[in-house]
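Per the UniProt record's numbering, residue 1 is the first one in the sequence shown, and the count goes up by one each step.
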Amino acid sequence: MLFLTSSAAIYALGYTCELSSNSLTAIKFWLHIENIGVSFIPTAWIILSLQHTGLRFKYNKLLIAFLLIFSSITLILSVTTDLHNLYYKSVTLNTAAPFPIAKIKAGLWYDIHIVFNNAAVLLGNIFYLIYWRKSVYPENQPALIFFLSSLFPWIIALIYTCGYIPWGLDPSPVSFLVPSIVYGWAIYSLDLFEIIPLAQKKSSKHYLMLS
Numbered sequence: 001m002l003f004l005t006s007s008a009a010i011y012a013l014g015y016t017c018e019l020s021s022n023s024l025t026a027i028k029f030w031l032h033i034e035n036i037g038v039s040f041i042p043t044a045w046i047i048l049s050l051q052h053t054g055l056r057f058k059y060n061k062l063l064i065a066f067l068l069i070f071s072s073i074t075l076i077l078s079v080t081t082d083l084h085n086l087y088y089k090s091v092t093l094n095t096a097a098p099f100p101i102a103k104i105k106a107g108l109w110y111d112i113h114i115v116f117n118n119a120a121v122l123l124g125n126i127f128y129l130i131y132w133r134k135s136v137y138p139e140n141q142p143a144l145i146f147f148l149s150s151l152f153p154w155i156i157a158l159i160y161t162c163g164y165i166p167w168g169l170d171p172s173p174v175s176f177l178v179p180s181i182v183y184g185w186a187i188y189s190l191d192l193f194e195i196i197p198l199a200q201k202k203s204s205k206h207y208l209m210l211s
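1. Which complete beta strand (DSSP E) runs does the region 79-129 hold, if anything under 3 residues is left out?
2. Three or more beta-carbon pairs under 8 Å between the region 70-78 and the region 97-117, yes or no?
3. Under the rule that 16 or more other beta-carbon atoms within 10 Å means buried, what is K113, buried or exposed?
4. Are F152 and V178 close, meaning C-beta to C-beta below 9 Å?
5. Cα-Cα, which of A65, E18, K103 and W45 is closest to W167?
6. Excluding the 5 residues preceding and the 5 following S90 in the sequence, name in chain order all residues of the same chain whose CB lies nearer than 7 Å to its CB.
7. Starting from S49, trace the alpha helix (DSSP H) in both directions and tell me its first and last residue.
8. Helix, strand or coil: how does DSSP classify G163 here?
9. Give the straight-line distance between the Cα atoms of P142 and K58, rounded to the nearest whole angstrom.
10. Report the option in A8, H32, S7 and T5 whose CA atom is closest to the CA atom of E18.
11. Judging by CA-CA distance, which residue of N22, F176 and S49 is the nearest neighbour of P98?
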């Protein structure tokens, strides 16, 4: 969970500082900071779902290695985008906004990352639903909680990606507050850290094998 919350926190911090910046140079700098978190959120989500559910695949380690490599490539391409324009084709100031804000023209890898991000959220939720269906109460409750709480930031991200937010404002960092609050409630109210190890022990008796 620390991997996911840290990535989301870096994303939120970077975007907050971006919004408080008055120059394009400063905005670009904070975009790079944001992308440290943005690049790894999808990977962190899948790893978290695998850890919580205890589902094990034939190529588990290979999957995680691929996810980490993909996220690292995304981060490198985002930081070096001025050299190749693969992540951002251009970053300019949006003069239509009431305050300085980045106007981004997406590059090829940016679009690839969007697809990867949505696929990762979907895959992680499938893992949670599989475990929820195969388990019994109360061991299956964390899976349902994590699944439901992930829907809000996912929907917000889709709305932002489709361009329905005025001036290109990104509400995604704020949307992560909802699952964070839910996770905190689950940890202290439902003894989440006691339920999850029990769930992992039970799920270790069976494997979800993919060839």
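Backbone N, C-alpha and C define an ideal beta-carbon position, used for all residues, glycine too.
Note that this is a predicted model, so its numbers are computed, not measured.
Put simply:
1. 88-93 and 102-106
2. yes
3. According to the sequence as given, residue 113 is His; it is not Lys. Looking at its Cβ environment, which holds 16 or more other Cβ atoms inside 10 Å, H113 is buried.
4. yes
5. K103
6. K105
7. L24 to T53
8. coil
9. 24 Å
10. H32
11. N22
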